[in-house]
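Reviewing the structure listed below.
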Amino acid sequence: MARLDLDDLPPKIAALLADLPEGEEVLLVQHGAVAGRLIAAAPPPVAAPEPDAPPEQQMREVFENFRAAIEDEF
């Protein structure tokens, strides 16, 4: 899939593309002929944040990372 960064486009074009409602089409025209067609889609759903691990598990992970770092050093 090709990727188009809106930051690389002129502000008017970026605003037009960013404000398109879902399902709206944009025709790309070059020298009077249709060169392509873009169809706006809904943004991907935002994933629910993962619940925090219990404090005991967080401490265990910190100590394991610390021990691994010390073992790598020496």
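Numbering (the working numbering), first residue to last: 1069 to 1142. In this text, a Cβ means the ideal position worked out from N, Cα and C, and glycines have one as well.
Per DSSP, Glu1093 is one residue of the beta strand (DSSP E) stretching across 1093-1098.
Restricting attention to beta strand (DSSP E) runs no shorter than 3 residues, the stretch 1076-1139 encloses them at 1093-1098, 1101-1107, ordered along the chain.
Annotated as proximal: Glu1090 and Ala1110, with beta-carbon spacing under 8 Å. Here Ile1107 has Glu1093 as same chain residues with Cβ atoms under 6 Å from its own Cβ, once five neighbours each way along the sequence are excluded.
Exclusion of the five residues before and after Val1097 leaves Ala1103 as the residues of its chain whose Cβ lies within less than 8 Å of its Cβ. A Cβ-Cβ distance of about 4 Å is found for the pair Ala1082 and Leu1074, placing them in contact under the 8 Å criterion.
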